[in-house]
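This report concerns only the one structure given below.
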Amino acid sequence: MNFTTSKFIGVLLSKGHLVLCVVFSVKINIGSQDAMSGILWDIWRTIDFPVSLLAYYGFIPAPLEWSFTILVKFIYPYFIHGVIGTIWWFFIPVIIGYVFNKLLGLRSTST
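Reading the sequence shown from the start, the letters are residues -18 to 92 in this note's numbering.
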């Protein structure tokens, strides 16, 4: 897998992730009248696994007086899963392609 192929796959995965995240957030905000619909963001905990740890174990860049009301309910899920998660899904195939190319490069020079 060359670097441009892994970038192309990364762009496809990140675009798909962003579309799913937007559709999901529209469904939560417009489609659901349930007060507990915000808990559906927990589905994204497994989709964006290493990145989602930021949302649940720290990463509070605001004063504590208003962070747990505004940030945790509204801004965190969109920022963590919408922005950082989308970037993460771009870098997954890029990193895998880089490691794969390094391993193939090491094998070809050793034989």
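Cβ atoms here follow ideal geometry from the backbone N, Cα and C, with glycine treated the same way. As the structure is a computational prediction, the values presented were derived from the model and not from experiment.
Contact between the region -10 to -1 and the region 71 to 80 is established, with three or more Cβ pairs separated by less than 8 angstroms. Counted as a single uninterrupted DSSP element, the alpha helix (DSSP H) harbouring Ile24 occupies residues 24 to 28. In the same chain as Leu(-1), and ignoring 5 residues on each side of it, the C-beta atoms closer than 6 angstroms to its own belong to Thr67, in chain order. Take Ile65, set aside five residues on each side of it, and the residues of its chain with a beta-carbon closer than 6 angstroms to its own are Val32, in chain order. Distance between Ile56 and Gly63, taken at the CA atoms: about 10 angstroms.
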